[in-house]
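Just so we're aligned: 32 in UniProt numbering is position 32 of the sequence shown, and the numbers increase by one with no gaps anywhere. Every residue gets a Cβ at the ideal spot worked out from N, C-alpha and C, and that includes glycine. These numbers were taken from a predicted model, which means no experiment stands behind them. Beneath this line is the structure, given in structure tokens, with notes to follow.
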Amino acid sequence: MGDFNTVVDTSEVCGVSGDIRAAMDEFKGFLTETGLITLPMQGNTFTWHNCSTDSRSLWKRLDRMLVNYT
Numbered sequence: 001m002g003d004f005n006t007v008v009d010t011s012e013v014c015g016v017s018g019d020i021r022a023a024m025d026e027f028k029g030f031l032t033e034t035g036l037i038t039l040p041m042q043g044n045t046f047t048w049h050n051c052s053t054d055s056r057s058l059w060k061r062l063d064r065m066l067v068n069y070t
């Protein structure tokens, strides 16, 4: 179990978030190295919101279930 607070793809972010590519690449590398895969998710596209109602509003998909088959 972990709390990674990052996304795997830009489709998992809606709103201004700065440059997230380095964190995405690092997380993808971690998943590859450990052999973990993300199980399909149902329901809302985004699982976190920064509670801002102005132009800084940010939505992300941070919740995920990771498994391996080994």
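In terms of alpha-carbon separation, which member of G15, S52, E33 and G29 lies closest to T70?
E33
With 16 other Cβ atoms within 10 Å as the buried cut-off, status of R61
buried
Where does L36 fall in DSSP's three states?
coil
Rounded to the nearest angstrom, what separates R56 and V16 at their Cα positions?
6 Å
Sheet register partners of K60 (DSSP bridge):
V13 and W48
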